[in-house]
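Position one of the sequence shown corresponds to residue 1490 (our numbering), numbered consecutively onward.
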Amino acid sequence: MAQPVLVKQSFLIALMTGAQAVMPALVAVICLYWSVVFYSMRFDTISAIVAVVLCLVLIRAPRDVSTQLTSQRTVAMADVLVHWVLLLVALVAIGLLTTTLDAYPRRVFVIWALVTPAALLMTTYVMHEIMRRFLMSAFDNRKAIFAGYNNSSQDLANRLKENPGMRIQVAGFFDDRSVDRLAMQSDNRLIGNLSDVAKFVNEQGVDIIFVALPIRHIQRVMNLLDDLRDTTASIYYVPDIFVFDLIQARSGDIHGIPVVAMCETPFYGYRGVTKRLTDVVFSAGILLLTLPLFVLIGVLVKLTSPGPIIFKQRRYGLDGREIAVYKFRTMRVTEDGHQIEQAKKTDTRITPIGSFLRRASLDELPQLINVLQGRMSLVGPRPHAVAHNEQYRKLIKGYMVRHKVLPGITGLAQVNGCRGETEKLEDMQARVNYDLDYLRFWTPMLDIKILLLTVFKIFRDDKAY
């Protein structure tokens, strides 16, 4: 919605946006060419084409050019680095699958992998600044008003005021309630009633009208739109989203019918492909590196207590479907029934080797197989035993929403200290709150942050027992 409000499209903007889209691929190919020339080797056209395609797919300029008026340069540059790492992972995966990894010597690949992101950061900064300066100078300020005062309209007005680069001047609000009833902030202005909107728009040359009336007052919205038929102002409806607990809300259409997603998985489209590709590549790599450790742990588990090496337990996975989760057995029992007692700090069921494995989180290593099977992800809400799920879904509102994504070996809750026994309902509520925040705010960078924090926490967590 923001782009038509902020920017009137032009041929020049289209050209600049196109240049931003192809710039990463151009930079990557130039850097690859000079890396090859530096070592006096032959330039491989096939490798260059693959690199170009991956750049066009993974390293893209913002589709909404208006975001360049408001987004921070550091965010844009960090996004470039994250997607460059994903591109390298994809290239290595393609090379392994097609046996073309040796198209260039390793030293050429390393030089290219280090030089290109530096060039990308520089060109991203320059292009971002050029576009931002052009957009700010190309368009005059536009006057906006709000029909209806609530949390959503207040928040949007504050963001417009805090970002002068958006080139929108907020004239004030219209509402049928008094200033006292609205508890209006001192820096906001109540101009008049809703019946005064049309007259004010015509007399004051208002460019944009944000209608922020509750959905239950749809008749008032329709009456207001009817009054505004005689104006040329752009009109946008701002629903009061703060009355809902939204998960990955976004708008779209189904065969031309507008729809608004209010609770959805964050892993749709290319985001899901990126997530899955990262899981497969990293989990396969970790499995290969830790294979000797797998064998050693298996032998120790078998020698120190009777029972299977791998413990399989039923847990809920994606969309609440049951999956079998693998762990190295750390207890003398293998509970998987309707009643499961959580592990305690001084639990006599835990074997001596099991205690060490749990403290170091090494008992979770077999779940890398679950990741390769597509039943789990490296990062996501931790899966709970079916018995615990059935218990807590009745006690915690929104508990099952956490199953909109694949469960993870580690997650946002775990790196924030929410692991181990949940003695009180509040303990599980805190864990679920973090899981839902993960769904709301997921980015590839968040996954990387959680993975790094997990490695750090392994050696300092006193709740792993």
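Cβ coordinates follow ideal geometry from the N, Cα and C atoms, glycine included. Predicted model, so just to flag it, every value in this text is computed and none were measured.
Going by C-alpha distance, which of the options is nearest residue i?
i	options	result
GLN1856	LEU1776, HIS1892 and GLU1915	LEU1776
LEU1914	GLN1903, ILE1898, LYS1886 and LEU1928	LYS1886
MET1505	ASP1924, ALA1738, THR1613 and LEU1780	THR1613
ILE1812	LEU1785, LYS1764, ARG1864 and LEU1780	ARG1864
ARG1621	VAL1695, ARG1656 and CYS1752	ARG1656
VAL1578	THR1767, TYR1881 and ALA1773	THR1767
SER1435	ALA1701, LEU1785 and ASP1916	Lying before the first or after the last residue shown, residue 1435 is absent from the chain, which here runs from 1490 to 1954.
ASP1676	VAL1659, ALA1773 and ASP1664	VAL1659
VAL1921	HIS1892, THR1943 and LEU1942	HIS1892
LYS1816	VAL1727, ARG1810, ARG1804 and ASP1808	ARG1804
ILE1697	ALA1722, GLN1862, TYR1881 and THR1819	ALA1722
THR1932	ASP1568, ALA1510, ILE1538 and SER1536	ASP1568
ARG1678	LEU1717, THR1720, ALA1633 and ASN1878	ALA1633
PRO1728	ALA1687, CYS1752, ASP1715 and PHE1699	PHE1699
VAL1539	PRO1795, VAL1581, PHE1527 and TYR1528	VAL1581
TRP1601	TRP1573, ILE1583, ILE1619 and PRO1870	TRP1573
TYR1433	ASP1916, ASN1905 and VAL1868	Outside the displayed range of the chain (1490 to 1954) lies residue 1433, so it cannot be described from this structure.
LEU1603	CYS1752, SER1524, ILE1619 and ILE1680	SER1524
Could you check where the beta strand (DSSP E) with residue i kicks off and where it finishes?
i	result
ALA1813	1811-1817
PHE1800	1799-1805
ILE1634	1631-1636
GLY1758	GLY1758 -> no beta strand (DSSP E), and no H or E assigned at all.
GLY1661	1657-1663
To the nearest angstrom, report how far apart residue i and residue j are at their CA atoms.
i	j	result
TYR1586	VAL1770	A small correction: the amino acid at residue 1586 is Leu; Tyr does not occupy that position in the sequence shown. Roughly 11 Å separates the two Cα atoms.
ASP1685	ASN1652	28 Å
GLY1661	ASP1734	28 Å
VAL1860	ASN1647	43 Å
CYS1907	VAL1762	29 Å
TYR1522	PHE1532	7 Å
LYS1801	PHE1783	16 Å
LYS1764	ILE1939	14 Å
ARG1631	GLY1694	9 Å
ASN1712	ASP1644	25 Å
GLN1509	LEU1570	16 Å
VAL1494	VAL1710	For VAL1494, the pLDDT reaches just 48, beneath the cut-off of 50, and the residue's location in the model is therefore unreliable, although a value from the coordinates is still provided. If you take the alpha carbons of VAL1494 and VAL1710, they lie about 20 Å apart.
ASN1682	SER1740	30 Å
ASP1664	TYR1726	15 Å
ASP1715	PHE1689	15 Å
LEU1609	THR1943	30 Å
THR1819	ASN1878	22 Å
LYS1946	SER1850	10 Å
ARG1848	VAL1615	48 Å
THR1837	GLY1584	49 Å
GLY1809	LEU1895	10 Å
GLN1918	LEU1884	9 Å
ASP1936	THR1720	48 Å
LEU1576	VAL1518	13 Å
SER1794	VAL1875	26 Å
THR1534	VAL1526	14 Å
ARG1821	ALA1537	56 Å
MET1673	LEU1649	17 Å
ALA1773	MET1934	20 Å
Tell me which residue opens and which closes the alpha helix (DSSP H) that residue i is part of.
i	result
PHE1783	1780-1793
ILE1538	1534-1547
ARG1648	1640-1651
Examine chain C for any beta-carbon lying closer than 7 Å to the beta-carbon of residue i, and answer yes or no.
i	result
PRO1797	This model lacks chain C altogether; it includes just one protein chain.
Could you say if the region 1770-1790 and the region 1842-1859 meet the contact criterion of at least three C-beta pairs nearer than 8 Å?
-> yes
Check whether the region 1535-1547 touches the region 1507-1518, taking contact to mean three or more Cβ pairs, one atom from each stretch, closer than 8 Å.
-> Verdict: yes, contact present.
Determine contact between the region 1630-1643 and the region 1701-1715, defined as no fewer than three beta-carbon pairs at a distance below 8 Å.
-> yes
Quick one: complete alpha helix (DSSP H) runs, 4+ long, within the region 1668-1756?
-> Fully contained in the region 1668-1756 are the following alpha helix (DSSP H) runs of length 4 or more, in chain order: 1668-1671, 1686-1693 and 1707-1716.
Contiguous alpha helix (DSSP H) assignments of at least 4 residues, all confined to the region 1834-1874 | 1841-1848 and 1856-1862
Would you check if there are 3 or more beta carbon pairs closer than 8 Å linking the region 1560-1574 to the region 1593-1600?
-> no
Please go through the region 1863-1942 and give each complete alpha helix (DSSP H) segment of 4 or more residues, from N-terminal end onward.
-> For the region 1863-1942, whole alpha helix (DSSP H) runs of length 4 or above, ordered along the chain, are 1875-1881, 1901-1904 and 1914-1930.
Give a yes or no on contact between the region 1668-1680 and the region 1748-1763, applying the rule of three or more CB pairs nearer than 8 Å.
-> no
Would you call the region 1920-1929 and the region 1899-1907 touching, i.e. three or more CB-CB distances under 8 Å?
-> yes
Whole alpha helix (DSSP H) runs in the region 1568-1628 with 4 or more residues, listed along the chain?
-> 1595-1627
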